[in-house]
Amino acid sequence: MVVSHRRATLRDVAQRAGTTIPTASKVLNGRSDVSDETRTAVLEAVSELGYVRPAGRSIADARGDDAFVDLVISGIEGTWANRALSGVEQAAVDAGVDLVVSVARLPDEGWLTRLLARPSRGVVLALVNASAPQLNALQAAGVPVVLLDPVSQPPASVSSVGAANWAGAHAAAEHLLGLGHRSLAVIAGRREHLYSQARVDGFRSAVGMHGDRPVPRVAFADWKRDRARQAALELFRTAEPPTGIFACSDHMALGVYEAAEECGLSIPEDVSIVGFDDLPEGEWVRPRLTTVEQPIADMGSAALRMLLRLRSGSAAGTLREELSTRLLLRESTGPATG
1172 MVVSHRRATL RDVAQRAGTT IPTASKVLNG RSDVSDETRT AVLEAVSELG
1222 YVRPAGRSIA DARGDDAFVD LVISGIEGTW ANRALSGVEQ AAVDAGVDLV
1272 VSVARLPDEG WLTRLLARPS RGVVLALVNA SAPQLNALQA AGVPVVLLDP
1322 VSQPPASVSS VGAANWAGAH AAAEHLLGLG HRSLAVIAGR REHLYSQARV
1372 DGFRSAVGMH GDRPVPRVAF ADWKRDRARQ AALELFRTAE PPTGIFACSD
1422 HMALGVYEAA EECGLSIPED VSIVGFDDLP EGEWVRPRLT TVEQPIADMG
1472 SAALRMLLRL RSGSAAGTLR EELSTRLLLR ESTGPATG
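First residue of the sequence shown: 1172, per this note's numbering; consecutive thereafter.
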């Protein structure tokens, strides 16, 4: 018995999606004159069949347009986004390619259609939780993809750049433990976010290595300052409030500062606080925030350089890069008292 491993064709995609070949082609070229239902069906068919444009030629190759690359980011507000954008932009300037920036606003998924409609040479997706059909559609169109700080576990076929989240959180816990803190808590982002999970796990692992320390309490605040404040208020009002808190972002750490002030607690005399990111805001508050430095701009540059290597064919297979983090000691942490 002979088993066929024939490569899927656009005809196969059209048949699976229940549409015509020209319509399937329109979807993969980002045309807007296609219904949402048809677009979804074609993208699902591409994902199921593993369709890839013949000879690996992208839309840009087929059109012969000038080179540019895309950055699609979940939002442009805040210091994290600005630093990531500056890193990607600088690497693009150094490489002599133009950069197009798009915002993927939920629940709108129009960024994919807009990107496919352009002759993109590749895309960096920053904090964008792209679905498997979306990633497969880009692959089918011959558009290389690099995930910057992946929101969920990247597929084996997609390259990514991130930070040493686990190690950074582990260092934060070791610091608080070394100061004698026993009652510890974590203000995390979102339970399902990969980097939030890694930070919680890293912190818990360090505490677990000290068998005499209670398991740290964990509250999820969706990366929002006000929700972090509310979570910290609840922790401070318990019978045994934490004397050391690790906030999984500097933005949320500022919410913990506000909660401490509301409860009449002094930092670091009554509670020590560690953040994550090393945003400028952490040095504006008093006392200045001890935090884990995340090299956000360097991550952006690394993602763009990785994309260009994939584009040129000089990189073989899927690439992974994790940039190191480091603990920055400032005045928001001190020895446990009592």
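Ideal Cβ positions, reconstructed from N, Cα and C, are used throughout, including at glycine.
Collapsed DSSP secondary structure at residue i in the structure displayed
| i | result |
| --- | --- |
| residue 1246 | coil |
| residue 1323 | coil |
| residue 1383 | coil |
| residue 1461 | strand |
| residue 1358 | strand |
| residue 1350 | coil |
| residue 1474 | helix |
| residue 1498 | strand |
| residue 1515 | The displayed coordinates of the chain run from 1172 to 1509. Any statement about residue 1515 would go beyond what the structure contains. |
| residue 1208 | helix |
Buried/exposed call for residue i, threshold 16 Cβ in 10 Å
| i | result |
| --- | --- |
| residue 1444 | buried |
| residue 1189 | exposed |
| residue 1320 | buried |
| residue 1498 | buried |
| residue 1500 | exposed |
The beta strand (DSSP E) enclosing residue i, as first and last residue numbers
| i | result |
| --- | --- |
| residue 1491 | 1491-1494 |
| residue 1301 | No beta strand (DSSP E) holds residue 1301; DSSP gives it neither H nor E. |
| residue 1272 | 1269-1274 |
Residue i versus residue j - alpha carbon distance
| i | j | result |
| --- | --- | --- |
| residue 1467 | residue 1307 | 27 Å |
| residue 1302 | residue 1205 | 20 Å |
| residue 1354 | residue 1505 | 14 Å |
| residue 1276 | residue 1331 | 21 Å |
| residue 1457 | residue 1386 | 29 Å |
| residue 1337 | residue 1362 | 15 Å |
| residue 1404 | residue 1287 | 47 Å |
| residue 1451 | residue 1324 | 29 Å |
| residue 1484 | residue 1292 | 12 Å |
| residue 1328 | residue 1309 | 12 Å |
| residue 1235 | residue 1290 | Annotation note: pLDDT 43 at residue 1235 (below 50); position unreliable, no value reported. |
Identified DSSP bridge partners for residue i
| i | result |
| --- | --- |
| residue 1318 | 1296, 1331 |
| residue 1443 | 1415 |
| residue 1240 | 1270 |
| residue 1448 | 1464 |
Residue interval of the alpha helix (DSSP H) (run including residue i)
| i | result |
| --- | --- |
| residue 1393 | Unbroken run through residue 1393: none, as it is neither H nor E. |
| residue 1507 | From DSSP, residue 1507 is part of no alpha helix (DSSP H); its letter is neither H nor E. |
| residue 1196 | 1192-1199 |
| residue 1284 | 1281-1287 |
| residue 1185 | 1181-1188 |
Check: residue i C-beta below 7 Å from any heavy atom of the ligand ZN
| i | result |
| --- | --- |
| residue 1281 | This structure does not include the ligand ZN; it has no bound ligands of any sort. |
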